[in-house]
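A.B. asks:
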Amino acid sequence: MRSSCAYIRSAPLLLWRADALTGSPQLGRSVKILVYGAVHQQPNIGVSALAAGAEAVLSRAFPDADIRFRSTGPLGDGPMNLSHTAPLLKEMVVNRRGLRGWTRSFDLLCDIRGGDSFTDIYTSKMFFKLSAFPLYAQALRVPVVMLPQTIGPFENRASRILAKRFMRGCRLVMARDPRSSDFAAELGRPVDLTATDVVFAIERPEPSLKHRDVVLNTSGLLWHAGNRHVDSDAYRAGIRGVIDILLAEGRQITLLAHVVGRTDTGADNDRAALAALREDYGDRLEYVVPSGLDEVRSLMASANVVVGARMHACLNALSIGVPAVPMAYSRKFAPLLDQLGWHHTVDLNASGEQIATAVLEEIHAVEGEDLTPVLRTARARIDAAVEALRQLSD
720 MRSSCAYIRS
730 APLLLWRADA
740 LTGSPQLGRS
750 VKILVYGAVH
760 QQPNIGVSAL
770 AAGAEAVLSR
780 AFPDADIRFR
790 STGPLGDGPM
800 NLSHTAPLLK
810 EMVVNRRGLR
820 GWTRSFDLLC
830 DIRGGDSFTD
840 IYTSKMFFKL
850 SAFPLYAQAL
860 RVPVVMLPQT
870 IGPFENRASR
880 ILAKRFMRGC
890 RLVMARDPRS
900 SDFAAELGRP
910 VDLTATDVVF
920 AIERPEPSLK
930 HRDVVLNTSG
940 LLWHAGNRHV
950 DSDAYRAGIR
960 GVIDILLAEG
970 RQITLLAHVV
980 GRTDTGADND
990 RAALAALRED
1000 YGDRLEYVVP
1010 SGLDEVRSLM
1020 ASANVVVGAR
1030 MHACLNALSI
1040 GVPAVPMAYS
1050 RKFAPLLDQL
1060 GWHHTVDLNA
1070 SGEQIATAVL
1080 EEIHAVEGED
1090 LTPVLRTARA
1100 RIDAAVEALR
1110 QLSD
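Just so we're aligned, residue 720 is where the sequence shown starts under this note's numbering, counting upward by one.
1. Tell me which same chain residues have a C-beta within less than 7 Å of the C-beta of Ile958, skipping the five on either side of it?
2. Measure the C-alpha to C-alpha separation of Ala995 and Ser1017 and round it to an integer number of angstroms.
3. Counting Cβ pairs closer than 8 Å, one from the segment 763-783 and one from the segment 798-816, do we hit at least three?
4. Measure the alpha-carbon distance for Pro1041 versus Ala1020 and round it to whole angstroms.
5. Measure the CB-CB distance between Thr869 and Phe837 and report whether it falls below 8 Å.
6. Can you tell me whether Thr1064 is buried or exposed, with buried defined as 16 or more other CB within 10 angstroms of its CB?
7. Can you give me the C-alpha to C-alpha distance between Glu1088 and Asn1023, rounded to a whole angstrom?
8. Is there contact between the segment 911-925 and the segment 945-963, where contact requires at least three CB pairs shorter than 8 Å?
9. Is the segment 896-906 close to the segment 1046-1060, with three or more CB pairs under 8 Å?
10. Among the candidates Gly1071, Ile962, Ile1074 and Ala986, whose CA atom is the shortest distance from the CA of Asp932?
11. Name the DSSP bridge partner or partners of Arg787?
12. Nearest-angstrom Cα distance between Met886 and Glu1072?
13. Could you compute how far the alpha carbon of Val918 sits from the alpha carbon of Asp987?
14. Go ahead and pull the three-state DSSP assignment for Thr1096.
15. Are Val1025 and Leu974 touching if we call contact CB-CB under 8 Å?
16. Where Gly742 and Arg884 are concerned, what is the direct C-alpha to C-alpha distance, given to the nearest angstrom?
17. For Gln868, which beta-bridge partners are listed by DSSP?
18. When burial is assigned at 16 or more other CB atoms within 10 Å of the CB, is Leu1111 buried or exposed?
19. Looking at C-alpha atoms only, which residue of Ala1104, Gly1060, Gln1058 and Ile964 is the closest neighbour of His1083?
20. Which class does Gly834 belong to by DSSP, given the choice of helix, strand or coil?
21. Mapping the DSSP letters down to three states, classify Tyr1006 as helix, strand or coil.
22. Of all the options Ala953, Ala773 and Leu1108, which has the alpha carbon lying nearest to the alpha carbon of Ala920?
23. Using CA coordinates, which residue listed in Phe902, Trp942, Arg890 and Glu1005 is at the minimum distance from His930?
24. Could you have a look at Cys1033 and say whether DSSP puts it in helix, strand or coil?
25. In chain order, what residues of the same chain have a beta carbon less than 6 Å from the beta carbon of Ser749, not counting five sequence neighbours either side?
26. Sorted by chain position, which residues of the same chain lie with C-beta nearer than 6 Å to Val758's C-beta, five sequence neighbours on each side aside?
27. May I ask which residues mark the beginning and end of the alpha helix (DSSP H) holding Ile1074?
28. At which residues does the alpha helix (DSSP H) containing Leu996 begin and terminate?
29. With burial defined as no fewer than 16 other Cβ atoms inside 10 Å of the residue's Cβ, what is the status of Thr822: buried or exposed?
30. Check whether the Cβ atoms of Val1105 and Ala780 sit closer than 8 Å, and answer yes or no.
31. For Lys809, count neighbouring Cβ atoms within 10 angstroms of its own Cβ and tell me buried if that reaches 16, exposed if not.
32. List the endpoints of the continuous alpha helix (DSSP H) containing Thr804.
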């Protein structure tokens, strides 16, 4: 019996065939589509928003499509977990679980991989793991599209080679911000379209019956002392500074989790941050752990302003016409928001006092601001993405 190591050595030979393939079958309007990297029911509400937005875009482009969803982990359609690399590569060779037939059953694979994971900043190992299945689909001659997402950066040569080969094998490549388009051009495969985040394709919800003043999304990821993005002490101090001053101004604050774990513990779980703040502030604040995307968007639609370190907390708000103050921990925030004409991002690489001051200044600046130009720009970019997808069937 061949060892797992032998399968791992042989499977990449199959994956690299994707670079040599030319031509793909023409698509009709009635197609079976797999969205890879997002599912509707996900602890990370941002990923659920990507699934809903992708479905909205694809349904406009292919009205009769059968759209399925697969996460980069265990959730969604399919015969096996696509995030366990060794079993996945073994199955690519031996085909005992039906992965080959399942993959070939799709007319189109739409890769969105969490919106921000086409990069090696989370390690090259993670980038390869998330790329293995889409490369396999290319090798089986299933047309692959990159839905609007962040592209890059790439810190090592092997990742850049893999990214370039994969992108060259795609029928259509869309970025969601100009900086990502620049990275793609540097790799030698320019994007076909610079769109925006697919959250702007989701229909506006009915506001919840209860009106909210300031909705504050506190990130459990950044609250955690072991995070690699920002100084957690400064972030915590900044959040507490914002809360203290808003309370002194007589404002009402709703703390909202946007990544929802099963308990109040965990390094990437907003419930942990809410639990810590509840100990400090008790019933002076409202605490909301939502059941899903619909509740989040309905709650935000009733708010005066949203502040958040989860990017999709802010994008959810903006997409329904509610002003938002993004607290940016990475480069993915500003390029996307700036191209829409929304210039209110606060950089978290600062002291707690500086963070609090900047956030409060932006809250006062954005309240009452007309988002019509932002939404008009975003919807035009969504329309362009829909048209680019439609052209695949022309």
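C-beta: ideal position from N, C-alpha, C; glycine also.
C.D. replies: By the coordinates alone:
1. As a working note, residue 958 is residue 239 in the sequence shown. If we look at Ile958 and ignore the five residues flanking it on each side, its Cβ neighbours are Thr937.
2. Along the sequence shown, one-based indexing puts residue 995 at 276. Along the sequence shown, one-based indexing puts residue 1017 at 298. Their backbone Cα atoms lie some 25 Å apart in a straight line.
3. no
4. Translated into positions along the sequence shown, residue 1041 becomes position 322. Translated into positions along the sequence shown, residue 1020 becomes position 301. Reading off the sequence shown, one finds Val at residue 1041, where the question assumed Pro. Approximately 7 Å between the Cα atoms of the pair.
5. Stepping through the sequence shown from its first residue, residue 869 is reached at position 150. Stepping through the sequence shown from its first residue, residue 837 is reached at position 118. Taking 8 Å as the Cβ cut-off, Thr869 and Phe837 qualify as a contacting pair.
6. Locating residue 1064 in the sequence shown gives position 345, where the first residue counts as 1. With 16 or more other Cβ atoms within 10 Å, it is buried.
7. Start at 1 with the first residue of the sequence shown, and residue 1088 comes out as number 369. Start at 1 with the first residue of the sequence shown, and residue 1023 comes out as number 304. Using only the alpha carbons, I get a separation of about 10 Å.
8. no
9. yes
10. The sequence position of residue 932 within the sequence shown is 213, counting from 1. Answer by Cα proximity: Ile962.
11. Along the sequence shown, one-based indexing puts residue 787 at 68. BP columns for Arg787 point to Leu753.
12. By one-based count along the sequence shown, residue 886 stands at place 167. By one-based count along the sequence shown, residue 1072 stands at place 353. Approximately 43 Å, taken between the alpha carbons.
13. Locating residue 918 in the sequence shown gives position 199, where the first residue counts as 1. Locating residue 987 in the sequence shown gives position 268, where the first residue counts as 1. Going by the C-alpha atoms only, they are around 22 Å apart.
14. Here the question's residue 1096 lines up with position 377 in the sequence shown. Correct three-state label for Thr1096: helix.
15. The residue given as residue 1025 occupies position 306 in the sequence shown. The residue given as residue 974 occupies position 255 in the sequence shown. Not closer than 8 Å, so no.
16. Walking along the sequence shown from the start, residue 742 turns up at place 23. Walking along the sequence shown from the start, residue 884 turns up at place 165. A caution first: Gly742 carries a pLDDT of 47, below 50, which makes its placement in the model too unreliable to give a value.
17. The sequence position of residue 868 within the sequence shown is 149, counting from 1. Partner(s): Ala894.
18. The residue you call residue 1111 lines up with position 392 of the sequence shown. Buried, since its Cβ has 16 or more Cβ neighbours within 10 Å.
19. Taking the first residue of the sequence shown as position 1, residue 1083 is located at position 364. Looking at the Cα atoms, Ile964 is the closest of the given residues.
20. For the purposes of this step, residue 834 is identified with residue 115 of the sequence shown, where counting begins at 1. If DSSP states are grouped into helix, strand and coil, Gly834 belongs with coil.
21. The count along the sequence shown starts at 1 and reaches residue 1006 at position 287. In this structure, Tyr1006 counts as strand in the three-state DSSP scheme.
22. Walking along the sequence shown from the start, residue 920 turns up at place 201. The residue with the shortest Cα to Cα distance from Ala920 is Ala773.
23. Along the sequence shown, read from residue 1 onward, the residue named residue 930 stands at position 211. It is Glu1005.
24. As a working note, residue 1033 is residue 314 in the sequence shown. It is helical.
25. Residue 749 sits at position 30 when you count from the first residue of the sequence shown. Cβ neighbours of Ser749 beyond the five flanking positions: Asp783.
26. Numbered from its first residue, the sequence shown carries residue 758 at position 39. For Val758, where only same-chain residues beyond five positions count, the Cβ hits under 6 Å are Ala770, Phe788, Ser790, Leu794 and Gly795.
27. For the purposes of this step, residue 1074 is taken as residue 355 along the sequence shown, with counting starting at 1. Residues Gly1071 to Val1085.
28. Mapped onto the sequence shown, residue 996 falls at position 277. From DSSP, the alpha helix (DSSP H) with Leu996 extends over Asp989 to Tyr1000.
29. As a working note, residue 822 is residue 103 in the sequence shown. Flag for Thr822 reads buried.
30. Here residue 1105 refers to the residue found at position 386 when the sequence shown is read from its first residue. Here residue 780 refers to the residue found at position 61 when the sequence shown is read from its first residue. Yes; because the gap between Cβ atoms is below 8 Å, this pair is in contact.
31. As a working mapping, residue 809 is identified with position 90 in the sequence shown. Buried is the call here.
32. Residue 804 sits at position 85 when you count from the first residue of the sequence shown. From DSSP, the alpha helix (DSSP H) with Thr804 extends over Thr804 to Val813.
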